[in-house]
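One structure is given here, and the rest of the page talks about it.
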Amino acid sequence: MIGIGVDIGGTFVKVFVMNEYGEIFRQEKMETDYSKGSQFFLQQLADYINRIQQEFAGQKVAVAVGAPGDVDNQNGILRYNPNLKFKDVADWPMARILKDLTGILPAVANDATLAAWGVYEKELNRKGNNVLVVTLGTGVGGGLIINRELYQGSNGTAGEIGHTKIADTRTGPLCGCGAHGCLEAFVGTIGIKRRVWQAAEEQPQSTLAQMVRQEKDFKIELVSRAAEKGCPAALKVWQDTGFYLGIGIANVVLTLDIDTVVLTGGVSRAATYFMPALKQVLENQQIKTPFKRLTLLTSTHPNIGGIGAAMYAIHQATKNA
């Protein structure tokens with residue numbers, strides 16, 4: 281069986297073609313093309329899927345699409361997404377359109393949800409009964425494996441840890457979703473940048489402030505480079521990030537009795553600097569039992585979303601055969 285996994289991002293689309301043994305036959309990365317509208321975009325994806333069907337004629341081909349935002353996984357509809365620049369994608373029936381163009385009804389789910397399945401299959405080898413995967417980037421997403429199955433909830437929105445509240449919803453920092461006090465507003469890249477600007481203003485002679493002034497295009501890795509030099513301001517930014525992330529993770533662990541937490545996404549590459557503070561928050565929880573045997577890991581695979589989508593396509597097709 282062949283699985284095609286599509287990971288749609290606001291800037292790039294990643295596509296993986298795999299078999300049931302985890303072998304990768306194709307790996308593509310292309311810019312998300314907004315120039316000719318949403319219908320043309322899906323036609324491009326359909327053309328690629330159709331070429332793969334021709335190439336692997338005689339084999340069953342399954343497709344899964346990870347989309348950023350609010351996804352109706354039951355009907356394959358992207359209900360809402362603030363990061364895709366198409367003007368006509370509210371209640372976007374992606375599954376129906378792709379089936380009409382390819383003959384294959386794809387599974388459509390939130391991108392972080394499918395990344396979670398990729399982590400579970402590819403990196404954990406299905407070890408762990410109840411797993412939380414947190415994607416750390418511009419946004420903060422999450423996916424859940426509950427009782428060894430991908431859990432998407434009643435409406436396909438399970439795992440939205442980034443929009444759980446860890447601060448006052450009236451006075452906390454503004455999140456990209458429009459609410460105040462979301463975890464994402466603290467540990468997503470926008471929240472981290474806000475604290476960097478504040479630190480640079482308060483400590484203008486710090487290594488972090490000097491690097492911020494020198495760099496034309498600010499990237500989060502700059503904070504790690506400053507921390508590597510021992511800059512107290514940069515180390516404090518990461519310490520705070522770990523503290524806030526620890527609060528968000530503790531809330532989920534307490535609610536669902538999770539046994540494994542895996543961090544993935546660009547910000548997770550700075551785990552060396554924020555992990556001690558995160559672990560301290562977990563150790564300081566008053567209710568100890570859920571945290572005693574908790575496994576906390578960082579993903580090592582940069583393309584786990586596309587791989588997870590391909591693996592989930594195969595899993596679903598096999599399950600429904």
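With the first letter of the sequence shown counted as 1, position 33 gets the number 313 in my numbering; the numbers rise by one all the way through.
Beta carbons are placed, not taken as given, at the ideal position from N, Cα and C, and that holds for glycine.
Check, Outcome
"Going by DSSP, name the residue or residues bridged to M298.", "G283 and I304"
"Evaluate Y328 with the Cβ neighbour count: other Cβ atoms within 10 Å of its Cβ, from every protein chain shown; 16 or more gives buried, anything less gives exposed.", "buried"
"Excluding the 5 residues preceding and the 5 following A507 in the sequence, name in chain order all residues of the same chain whose CB lies nearer than 7 Å to its CB.", "A514, L515, W518 and Y553"
"Out of G419, V476 and S504, which one is the CA nearest neighbour of E464?", "G419"
"Using the C-alpha atoms, what's the distance from G338 back to T578?", "39 Å"
"Less than 7 Å separating the beta-carbons of G522 and G285?", "no"
"Can you give me the C-alpha to C-alpha distance between I527 and I332, rounded to a whole angstrom?", "44 Å"
"Closest to V293 by C-alpha separation, out of F305, E303, M555 and F321, would be which residue?", "F321"
"Using 7 Å as the threshold, is the C-beta distance between I529 and V541 below it?", "yes"
"Can you tell me whether DSSP reads G468 as helix, strand or coil?", "coil"
"Relative to the C-alpha of R573, which residue among E563, H581 and T580 is closest?", "E563"
"Indicate the three-state DSSP secondary structure (helix, strand or coil) for R474 in the structure shown.", "helix"
"Does DSSP classify K316 as helix, strand or coil?", "coil"
"Are there 16 or more other CB atoms within 10 angstroms of the CB of Q596, so buried, or fewer, so exposed?", "buried"
"Would you report the Cα separation of K568 and V414, rounded to the nearest angstrom?", "22 Å"
"Determine the closest residue to N299 out of I594, A601 and D371, with distance taken between C-alpha atoms.", "I594"
"For K559, which of V533, G546 and I584 has the nearest alpha-carbon?", "V533"
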